[in-house]
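All remarks here apply to the structure that follows.
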Amino acid sequence: MKKISDILIIDDDELLTDSLSDFLIAKGFRVKAAHNGKEGIDIFERQQSTLVLLDQELPDMRGIEVCRRILDINPNTKILFITAYATIEYAVDAMQAGAFNYLSKPFELDELLITIDMAVKNVHMEGKLRVQDYERKKEKEEKRLVGSSEVMKRIREQIALASGSDANVLITGETGVGKNVVAEAIHDLQDRRETFLAINCSAIPENLIEAEYFGYEKGAFTGADARREGIFELADGGTLLLDEIGEIPIHLQSKLLTVLEDKSIRRIGSGRIIPVNVRIIATTNQDMEKAIQDRRFRQDLYYRLAVFNMRIPPLREHPKDIPEIADYFVKKFLRRPISVPDSHIEQMKKYPWPGNVRELRNVLERASLLLRGDEIRPADLLLQDDSGARLGKIDQEGLNTENISTLEEVEMRHILSAFDLCAGNKSLTARTLGISLSTLKRKLKEMHIR
Ligand SMILES: Nc1ncnc2c1ncn2[C@@H]1O[C@H](COP(=O)(O)OP(=O)(O)OP(=O)(O)O)[C@@H](O)[C@H]1O
Ligand SMILES: [Mg+2]
């Protein structure tokens, strides 16, 4: 969660600012105080705070005016009015000016803390809304890293090391090895309250990346009808996951490099330099050395990102973990303790797993759907080798290939059991199977099912 670590108090009552400062500092906040509007705005210009406690009437300006000026500098600031004479009209004015909330004097300190907590949650929500899209698209991933091989032990050690430092981290590895799980693990160990925002660099159209990263001012380009903060600004003080960094076009790489070097950004259409302090965790399944050689990726940016370089090995380099991971997923999908028979495990250990743990997971999910009775059969596993042939047919030793169904049979059974499990709901079945509704309808028709 984004930390509200910096609070600015603007109030001409020195007794109040002093006692509030002492109280909030004791609660772990960094507190600055100003005793008139101009001083408050000056301090805010120099160093922004996430939360401002603002008096309704100041010697030189009205609180509402100060509120507007601060929000002009950073529209995401949470402004909490402290009012001596709370009238409904004033409250309405304050909220209309963009204040977050108000407290009327005298107030209990507990009340203040609760309101600050609300502001923290609010800041967090705003960040969340922005990444919701991203998260919605991302399949619901597991957060746990399973496996106790040496390889997995080393990964866990590296996660612990990385989480203990502020250095940028680059996580490389083939698709499905668990790079995102590792990135989240680093953040979780580090400090769960900090902001953790993620953006998938390959999912954003090229012409929107810059706006998404750095934000823009109203009118900066056609369609920019309101100011918007970029993801770097939103993640200030926290961690930003740049997923699939290898996909960023080269001209944006130099902009990204400048941001990392200067630790500041400029919104599109604005001259104002906004300091941002963000820890970057980047992931990629590309061969970065080759990308650099081919001049698809800037070497200087690479060095900035890969201060802490983590390579997650493919599953075929740690087949020892397969039984443990397989057990974990089978239990998860079936919710009953069925293990994968040893003979299949041996077969799985020989398989190259081009899609790594994700593929293993998918294979077991399918097997769980196909399961009849209490035993997973080799045919249910449907492993494919590179040439597309089923592994069962290649590794014939001790296997009765007559028992192996054709793909068409398996597909039919798979569709039927999914249809069963979805209680005959066609749209749900189609979505679960990852096919379109019309494809599902056609296949059901072929099986004479309506
Ligand atoms: N060691 C592991 N234990 C349990 N689950 C794992 C492990 N590694 C990966 N997974 C699971 O495998 C799937 C893929 O993981 P993840 O999305 O982190 O891969 P990735 O390396 O980011 O892949 P891509 O390059 O395609 O983005 C997820 O469902 C994840 O939970
Ligand atoms: Mg990933």
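Using numbering that gives the first Met the number 0, count along the sequence shown one by one with no gaps and you end on 449. In this text, a Cβ means the ideal position worked out from N, Cα and C, and glycines have one as well.
Inter-residue spacing [alpha-carbon to alpha-carbon] between residue i and residue j
i	j	result
threonine 431	leucine 196	27 Å
glycine 245	serine 426	35 Å
aspartate 373	threonine 405	21 Å
lysine 262	proline 274	6 Å
glutamate 408	valine 119	55 Å
alanine 182	glutamate 56	47 Å
lysine 152	leucine 144	10 Å
leucine 240	valine 180	12 Å
phenylalanine 328	methionine 94	50 Å
leucine 415	asparagine 424	12 Å
glutamate 205	serine 342	48 Å
glycine 222	leucine 207	12 Å
aspartate 224	isoleucine 203	20 Å
serine 48	methionine 347	54 Å
serine 18	isoleucine 115	16 Å
serine 4	glycine 237	11 Å
lysine 331	isoleucine 87	54 Å
Same chain, Cβ closer than 7 Å to residue i, five either side skipped, listed in chain order
i	result
threonine 428	Ala417, Phe418, Cys421 and Leu439
asparagine 355	Glu173, Thr174, Gly175, Val176, Pro313 and Leu314
glutamate 288	none
glutamine 157	Met309
isoleucine 42	Leu7, Lys31 and Ala33
isoleucine 291	Gln298 and Tyr301
valine 306	Ala166 and Asn167
Cutoff 6 Å; reference residue i; Cβ partners in own chain excluding five residues on either side
i	result
histidine 34	Asp11
leucine 259	Arg303
serine 450	Look at the range of the chain in this structure, 0 to 449, and you will see that residue 450 is not part of it.
threonine 16	Ile8, Asp10 and Ala32
isoleucine 247	Cys200
For residue j and residue i, believed in contact at Cβ under 8 Å, the rounded distance
i	j	result
arginine 278	isoleucine 272	Arginine 278 to isoleucine 272, Cβ: 20 Å. No contact.
aspartate 53	valine 65	According to the sequence as given, residue 53 is leucine; it is not aspartate. Rounded, the Cβ-Cβ distance is 6 Å, consistent with contact.
arginine 68	isoleucine 40	5 Å
valine 339	isoleucine 280	Not a contact, Cβ separation roughly 33 Å.
leucine 333	leucine 369	Going by Cβ atoms, the distance from leucine 333 to leucine 369 rounds to 11 Å, so no, they are not a contact pair.
Cβ-based neighbour list, residue i, same chain, cut-off 8 Å, excluding 5 preceding and 5 following
i	result
proline 74	Gly97, Arg226 and Glu228
phenylalanine 106	Ile81
alanine 159	Leu188
Residue i vs residue j beta-carbon contact at 7 Å
i	j	result
alanine 25	isoleucine 8	no
isoleucine 6	phenylalanine 22	no
serine 253	glutamate 216	no
methionine 37	aspartate 71	Residue 37 is actually lysine in this sequence, not methionine. Their beta carbons are not under 7 Å apart, which means lysine 37 does not touch aspartate 71 by this criterion.
isoleucine 267	alanine 219	yes
tryptophan 352	glutamate 345	no
isoleucine 311	lysine 178	yes
isoleucine 170	threonine 282	yes
aspartate 109	isoleucine 63	no
Contact test: residue i Cβ vs ligand 4 heavy atom, cutoff 6 Å
i	result
asparagine 179	Ligands in the displayed structure: ligand 1 and ligand 2; ligand 4 is not one of them.
| task | Take every Cβ of the stretch 145-161, pair it with every Cβ of the stretch 70-84, and state whether three or more of those distances are shorter than 8 Å. | result | no
| task | Could you tell me whether the stretch 348-366 touches the stretch 310-330, where touching means 3 or more Cβ pairs closer than 8 Å? | result | yes
| query | Does the stretch 196-210 touch the stretch 224-235, meaning 3 or more C-beta pairs lie closer than 8 Å? | reply | yes
| query | Between the stretch 291-302 and the stretch 205-213, do three or more beta carbon pairs fall short of 8 Å? | reply | no
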